[in-house]
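In terms of the working numbering, the sequence shown has 60 at position 25, counting the first letter as 1, and numbering is strictly consecutive.
Every residue gets a Cβ at the ideal spot worked out from N, C-alpha and C, and that includes glycine.
In this text, all values refer to a predicted model and were calculated from it rather than measured experimentally.
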Amino acid sequence: MKTVFSAPAHALSPARARQLRRFDPLLVEHHRRLGVPWVARLTALTPTGRTPFRREFLPRRDDYGQADPRGNGIICYWTLQAGELYEAHCPRTDGTAERRYLTVDADGLLIECTKEEVQQWLANVTSE
């Protein structure tokens with residue numbers, strides 16, 4: 036069974052970009068990257084590295100139907116398969132981002148998990 040997950044992309048406003056640029060131009064680029072959502076399938080635990088999971092990033096489909104000229108209102112879509120674990124990077128309008136851990140059950144319902152549950156599940160899969 037498959038299901039579709041969606042998340043909005045958020046553009047950095049010109050006023051906020053000017054404000055950040057005064058402090059550090061790299062902050063502007065950092066906030067632009069924060070505004071782009073992504074979803075990755077989690078395949079294994081990594082013993083070392085920056086992230087605890089080995090990821091395979093999924094391609095996204097963008098819907099510009101409600102977007103304005105600055106890029107606000109773009110909705111991104113991914114197709115998720117049942118029985119797999121996913122990590123989603125979902126930007127917020129305040130310039131921060133949230134990480135969500137997801138799976139899809141046999142009926143196609145999206146289920147949110149904690150990071151600890153994902154680590155436990157991947158540890159059990161690799162030890163079998």
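Roughly how many angstroms separate the alpha carbons of T149 and A79, rounded to a whole number?
Reading the sequence shown from its first residue, position 114 is the one you call residue 149. Reading the sequence shown from its first residue, position 44 is the one you call residue 79. Cα-Cα distance, rounded: 16 Å.
Rank L93, L144, A102 by C-alpha distance to the C-alpha of P72 and give the top, closest one.
One-based indexing of the sequence shown puts residue 72 at position 37. Selected option, being the one with the closest Cα: L93.
Determine, using beta carbons only, whether C158 and I110 come nearer to each other than 9 Å.
For the purposes of this step, residue 158 is identified with residue 123 of the sequence shown, where counting begins at 1. For the purposes of this step, residue 110 is identified with residue 75 of the sequence shown, where counting begins at 1. Correcting the residue identity first, residue 158 is Ala in this sequence and not Cys. Contact: no.
Taking C-beta to C-beta, are F40 and A123 nearer than 9 Å?
By 1-based counting over the sequence shown, the position of residue 40 is 5. By 1-based counting over the sequence shown, the position of residue 123 is 88. In contact: F40 and A123 (Cβ atoms closer than 9 Å).
What residue range is occupied by the uninterrupted beta strand (DSSP E) comprising L77?
Taking the first residue of the sequence shown as position 1, residue 77 is located at position 42. Note, L77: beta strand (DSSP E), 73-80.
Using only the alpha-carbon positions, how far apart do L115 and T83 sit?
Counting from one through the sequence shown, the residue named residue 115 turns up at place 80. Counting from one through the sequence shown, the residue named residue 83 turns up at place 48. Answer to the nearest angstrom: the Cα atoms are 27 Å apart.
Between which residues of its own chain and Q101 is the CB-CB distance below 6 Å, once the five residues before and five after are set aside?
Here residue 101 refers to the residue found at position 66 of the sequence shown. Only G108 meet the Cβ criterion.
Determine the extent of the beta strand (DSSP E) in which P43 is found, giving its start and end residues.
Position 8 of the sequence shown holds residue 43. Element bounds for P43: 37-44.
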